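Numbering follows the working numbering, in which position 180 of the sequence shown is assigned residue number 185; successive positions increment by one, without gaps.
We treat Cβ as the ideally placed atom computed from N, Cα and C, and that holds for glycine.
Predicted model, so just to flag it, every value in this text is computed and none were measured.
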Amino acid sequence: MPALVFPRAIYNEPPPAPRTRLENHPTLLFSWWCTCFSFVIILFRLAGRFVRTERFFREDKVMALSIIPLFVRMGLVHVILIYGTNNVDITNLTNPHYIWMREVGSKLVLCSRIAYAAFIWTAKLGICEFLARMVETYWRREYEIILRYIRYFLAATFIAIVIATLGECQPFNHYWQVIPDPGPKCRTGYAQLITMGVCDIITDILLICFPIPMVLKSAIPFKRKFRLVLLFSMSIILIVITGVRIPEVIKHRGRQQYRTVFASGEILGAASVSNAIVLGSFLRDRGVKKNKRYKFGSVSDSIERASQRRPTVTSQQWGSDEDLIRGVGWRLPRGLEAKTPEPRPAPQFVSSQLSAAVSNQHNSSTGLRFLSSQTRFQGPPAGSRRFKGSWKTLVTAPFSNGG
6 MPALVFPRAI YNEPPPAPRT RLENHPTLLF SWWCTCFSFV IILFRLAGRF VRTERFFRED
66 KVMALSIIPL FVRMGLVHVI LIYGTNNVDI TNLTNPHYIW MREVGSKLVL CSRIAYAAFI
126 WTAKLGICEF LARMVETYWR REYEIILRYI RYFLAATFIA IVIATLGECQ PFNHYWQVIP
186 DPGPKCRTGY AQLITMGVCD IITDILLICF PIPMVLKSAI PFKRKFRLVL LFSMSIILIV
246 ITGVRIPEVI KHRGRQQYRT VFASGEILGA ASVSNAIVLG SFLRDRGVKK NKRYKFGSVS
306 DSIERASQRR PTVTSQQWGS DEDLIRGVGW RLPRGLEAKT PEPRPAPQFV SSQLSAAVSN
366 QHNSSTGLRF LSSQTRFQGP PAGSRRFKGS WKTLVTAPFS NGG
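Written as structure tokens, this is what we have:
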């Protein structure tokens with residue numbers, strides 16, 4: 006079946022010459038640099054999201070999950086570049102220890118290719134989840150249906166890549182056979198290379214074509230619309246890398262060192278593309294943010310609050326009824342005390358104040374002053390027994406009871 010799909014000339018090429026460990030050190034260094042830089046990009050995204058919202062969205066959790074295959078793949082690649090694989094000319098290979106090392110490296114290659122695809126597809130899923138959250142703002146049923154089928158397509162293509170990785174060579178143990186030569190189908194991995202490349206390009210095109218029409222139909226300003234179109238079109242970089250990777254790897258007869266270089270570059274590109282929109286919103290101070298808390302000495306907060314009237318708790322206002330009672334040494338009953346006073350706007354200030362002297366049987370006087378929101382109190386009118394009695398009851402009651 007593979008012979009019907011791929012030209013026979015691809016499998017007729019002789020294996021490449023072996024490379025020394027020292028010759029692979031630049032590739033190893035480049036792979037670690039791409040991996041660590043991709044991790045830093047993801048870490049900046051997660052840290053920025055938590056600082057701004059103190060929680061993670063679904064796409065953030067997906068990107069955090071992609072860290073696992075990222076470092077699993079890099080750990081396997083480190084051993085592969087040191088041990089080598091069975092895709093090599095075995096004419097002068099006679100040392101049993103070197104043969105065993107290449108057998109181990111050939112086994113790890115299968116795992117590293119699956120981990121590599123897992124990271125790329127997890128990054129695509131993160132973009133898909135971000136688009137799903139964006140669709141909630143411009144909700145239309147057809148958008149939700151399209152996103153659902155894109156998710157299904159991502160799952161189907163990932164399964165196809167795993168099958169192409171593990172099903173090209175028969176019998177299966179020839180994947181890591183070194184001597185005798187197991188054949189090009191068992192050491193080149195062209196089925197996985199082409200299958201993943203084609204699926205990679207198709208999924209990138211889908212993730213580009215889905216959001217751009219939605220952005221163009223929106224009512225946002227042209228400058229911001231143009232910026233979003235450019236950000237969503239960044240997946241073209243991955244399409245270019247994949248388009249170059251396939252013929253170059255075949256041209257170099259499937260050499261593992263070339264495959265690792267292009268795979269590491271695509272990983273860095275995928276990490277950049279899948280996080281570019283979110284990191285861009287952080288730099289422009291856009292997107293979802295938590296409510297700002299008051300910070301002492303913050304000039305920006307003071308300016309923002311200057312146009313708003315500050316509420317005043319009435320029970321703590323000087324001159325209120327509760328303040329009047331407490332000023333003469335009396336405490337309100339427990340049932341009348343406000344446990345959680347409700348704030349309300351402070352009354353307008355009036356310059357008039359009241360000075361009243363009240364004498365009681367203790368021959369002491371207490372000066373009472375309080376602000377009136379309406380009028381100035383002049384004392385009880387002459388001949389008004391009703392008011393006089395209530396005022397005397399209010400003021401002298403605590404002292405007559407031994408308070």
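Original post:
Which runs of the alpha helix (DSSP H), 4 residues or longer, sit entirely within the region 47-77?
Top reply: 63-70
Subject >> 8 Å Cβ shell around ALA69 - same chain, five flanking residues per side excluded >> reply: ILE47, LEU51, PHE61
Subject >> Neighbourhood of LEU113 by C-beta distance below 7 Å, restricted to the same chain and skipping five residues each side >> reply: Here the set comprises LEU81, VAL84, ILE85.
Subject >> Other residues of its chain near LEU243: CB distance less than 8 Å, five sequence neighbours each side excluded >> reply: For LEU243, where only same-chain residues beyond five positions count, the Cβ hits under 8 Å are ASP205, ASP209, GLU271, GLY274, ALA275, VAL278.
Subject >> Own chain, CB closer than 8 Å to GLU108, minus 5 neighbours either side, in chain order >> reply: ASN91, TRP181, GLN182, VAL183
Subject >> Coil, strand or helix - THR401 by DSSP >> reply: The predicted position of THR401 is uncertain, since its pLDDT is 44 and thus under 50; no value can be drawn from it.
Subject >> Selected residue, minimal CA-CA separation from CYS116, among HIS102, ILE150, ARG78, ILE125 >> reply: ARG78
Original post:
Any idea what DSSP makes of LEU288, helix, strand or coil?
Top reply: helix
Original post:
Assuming PRO21 and ARG258 make a contact with CB atoms under 8 Å, what is their CB distance in whole Å?
Top reply: 5 Å
**OP:** Please name the residue, chosen from PHE287, LEU288, ALA268, that lies closest to THR40 on a Cα-to-Cα basis.
**Re:** Across the set PHE287, LEU288, ALA268, the C-alpha of ALA268 shows the shortest separation from the C-alpha of THR40.
Original post:
Do LEU75 and PHE35 have their C-beta atoms closer together than 8 Å?
Top reply: No, these two residues do not count as a Cβ contact at 8 Å.
**OP:** Return helix, strand or coil for VAL93, following the three-state DSSP convention.
**Re:** If DSSP states are grouped into helix, strand and coil, VAL93 belongs with coil.
**OP:** Please go through the same chain and pick out, in chain order, the residues whose beta-carbon is closer than 7 Å to the beta-carbon of LYS129, but skip the five residues on each side of it.
**Re:** LEU159, THR208, LEU212
Subject >> Presumed contact (8 Å Cβ cut-off) between GLY53 and PHE237, rounded CB distance >> reply: Incorrect: roughly 20 Å between the Cβ atoms, too far for contact.
Original post:
The alpha helix (DSSP H) spanning ARG260 covers which residue range?
Top reply: First-last for ARG260: undefined, no H or E at that position.
Subject >> Option nearest THR127 by Cα separation, candidates THR193, PRO176, ILE168, LYS66 >> reply: LYS66
Original post:
Given ARG24, which residues of its chain have a CB within under 6 Å of its CB, disregarding the five upstream and five downstream residues?
Top reply: none
Subject >> ALA160 - containing alpha helix (DSSP H), residue span >> reply: That run of the alpha helix (DSSP H) goes 146-172.
Subject >> Segment limits, alpha helix (DSSP H) that includes GLN175 >> reply: Note, GLN175: premise wrong, no alpha helix (DSSP H); not H, not E.
**OP:** Please report how far the alpha carbon of THR96 lies from the alpha carbon of PRO185, in whole angstroms.
**Re:** Distance between the alpha carbons of THR96 and PRO185 is about 10 Å.
Original post:
What is the DSSP secondary structure of THR99, counted as helix, strand or coil?
Top reply: coil
**OP:** Consult DSSP for VAL245 and reduce its assignment to one of helix, strand or coil.
**Re:** helix
**OP:** Could you tell me which of VAL234, ARG118, VAL203 sits nearest to PRO218, measuring between CA atoms?
**Re:** VAL234
Original post:
Are LEU284 and PHE55 closer than 8 Å when you measure CB to CB?
Top reply: Not a contact, by the Cβ cut-off of 8 Å.
**OP:** Alpha carbon to alpha carbon, how far is PRO216 from GLU147? Give it in angstroms, no decimals.
**Re:** Roughly 13 Å between the two C-alpha positions.
Original post:
Anyone know if the C-beta pair for SER71 and GLY110 falls short of 8 Å?
Top reply: No.
Subject >> Proximal residues to ARG26 (C-beta, below 7 Å), its chain only, five neighbours per side dropped >> reply: ILE87
**OP:** Return yes when the Cβ of MET201 is within less than 8 Å of the Cβ of ALA122, no when it is not.
**Re:** Going by C-beta atoms, ALA122 is nearer than 8 Å to MET201.
Subject >> For GLU134 and PRO176, the rounded distance between their alpha carbons >> reply: 39 Å
Original post:
Any idea if ILE155 is buried or exposed, counting beta-carbon neighbours within 10 angstroms, 16 or more meaning buried?
Top reply: buried
Original post:
Skipping 5 residues on each side, what residues in its chain have a beta carbon closer than 6 Å to that of SER305?
Top reply: Model confidence at SER305 stands at a pLDDT of 35, short of 50, so the residue's coordinates are unreliable; what they give is reported in the following sentence. Contacts found: none.
Subject >> Where PHE215 falls: helix, strand or coil (DSSP) >> reply: Residue state, collapsed to three classes: coil.
Subject >> Contact set for THR32: own chain, Cβ-Cβ below 7 Å, skip 5 residues either direction >> reply: LEU86, GLN262, THR265, VAL266
Original post:
Tell me which same chain residues have a C-beta within less than 6 Å of the C-beta of THR282, skipping the five on either side of it?
Top reply: Correcting the residue type first, residue 282 is Ile in the shown sequence and not Thr. Around ILE282: LEU236.
Original post:
Just curious, the alpha helix (DSSP H) that PRO189 is in, first and last residue?
Top reply: 189-192
Original post:
How many Å lie between LYS190 and GLU149 at the Cα?
Top reply: 41 Å
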